[in-house]
Every structure is written in C-alpha cells, then in structure tokens.
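See below for the structure under consideration.
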Amino acid sequence: MMNQPLEIIPTSIKLSADGGVTIQWTDLHMATYPYAYLRRHCPCAMCRDNPPVVKTSPDPFPILGKNPNPIKTTGATPVGRYAIQFQWNDGHSEGIYSYAYLREICPCADCQKSNSTG
Ligand SMILES: [Zn+2]
Ligand SMILES: [Zn+2]
Numbered sequence: 050m051m052n053q054p055l056e057i058i059p060t061s062i063k064l065s066a067d068g069g070v071t072i073q074w075t076d077l078h079m080a081t082y083p084y085a086y087l088r089r090h091c092p093c094a095m096c097r098d099n100p101p102v103v104k105t106s107p108d109p110f111p112i113l114g115k116n117p118n119p120i121k122t123t124g125a126t127p128v129g130r131y132a133i134q135f136q137w138n139d140g141h142s143e144g145i146y147s148y149a150y151l152r153e154i155c156p157c158a159d160c161q162k163s164n165s166t167g
C-alpha cells in the first residue's frame, strides 16, 4: 500500500455540560459546535424535510408530553470509522453525522469565512 494522505477525522469529541460538542481533528483544527446548531443540521431524511424547531432556552409554558428543556446532546456513538451518531434530549437519534459533514459545517470563524456560500 502507498502512504495515505492524512485522514481528517476527530481525535477527540467532548460533550460539555451546557455549551456544545467540542471536536478536535487530526489536522489539529478544533471547534465547539453549539447543541442547537448541531441539532438544526441533523442530516437525517426527516430533519432535512422538516427542519426541527430547536429550543435554546427552557420553555416557560411546557406543553404536557413535550420536552421543556433546551436542546442538548445526551450521547454520542461512533458509526464505523467515518461518522458519529448523536442522541438528543428531545428523543431524536436518527442523524448520522459523517466526519466529512461535521467538518463541512464547522462553525468556527475560519471555516465560516472559507465557506461563505450560505
Ligand atoms: Zn434528524
Ligand atoms: Zn473550523
């Protein structure tokens, strides 16, 4: 086998208590993805068709049976060697975020600048 170019994959994924998901990459890039941002970018077919309404602060008038809490990642499961699946406190867990996709939606100022199409 020939030498492969450096694979851009996370070296560490940390869920913080209130901020978001901090991902560090093999090329030393690092960024924190706010929970609401990640949830809104859920790549599953359901969310692409019906973008989720994401709460970022507690609901002052919770409707019975609805989650009154702001959106939060409750768990993260690696999917093979190419993706990660997040579980959310709204019960959703269908979205499989490929590493390439996560890197594409990196919310840091540098990436947003080089990514200014939308
Ligand atoms: Zn989804
Ligand atoms: Zn970035």
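Residue numbers (my numbering): 50 to 167.
For every residue, glycine included, the Cβ atom is placed at its ideal position computed from N, Cα and C.
Status (buried if at least 16 other CB within 10 Å, exposed otherwise) for residue i
{"i": "TYR131", "result": "exposed"}
{"i": "GLY167", "result": "For GLY167, the predicted structure reports a pLDDT of 48, less than 50, and the residue's modelled location is therefore unreliable. The matter cannot be settled from this model."}
{"i": "ALA149", "result": "exposed"}
{"i": "GLY68", "result": "exposed"}
{"i": "PRO59", "result": "buried"}
{"i": "PHE135", "result": "buried"}
{"i": "CYS155", "result": "buried"}
{"i": "ILE57", "result": "exposed"}
Cβ-heavy atom distance, residue i to ligand 2, below 8 Å
{"i": "PRO83", "result": "no"}
beta-carbon residue i near ligand 1 non-hydrogen atom, thresh 8 Å
{"i": "GLY140", "result": "no"}
{"i": "GLY124", "result": "no"}
{"i": "GLY144", "result": "yes"}
{"i": "PRO92", "result": "yes"}
{"i": "PRO54", "result": "no"}
{"i": "PRO101", "result": "yes"}
Cβ separation of residue i and residue j, assumed to be a contact under 8 Å, to the nearest whole Å
{"i": "THR123", "j": "ASN138", "result": "5 Å"}
{"i": "THR71", "j": "LYS63", "result": "5 Å"}
{"i": "CYS91", "j": "GLY144", "result": "4 Å"}
{"i": "PRO117", "j": "SER106", "result": "Actually they do not touch by this definition, with Cβ atoms about 10 Å apart."}
{"i": "ALA85", "j": "VAL103", "result": "5 Å"}
{"i": "GLN73", "j": "SER61", "result": "4 Å"}
Any residue with its C-beta under 5 Å from a non-hydrogen atom of ligand 2 counts. Can you list them all in chain order? ALA80, CYS155, CYS157, CYS160
Entirely within the region 65-106 and at least 3 residues each: give me those beta strand (DSSP E) ranges in chain order. 69-74, 79-83
Whole runs of the alpha helix (DSSP H) within the region 114-162, excluding any shorter than 4 residues: 148-153
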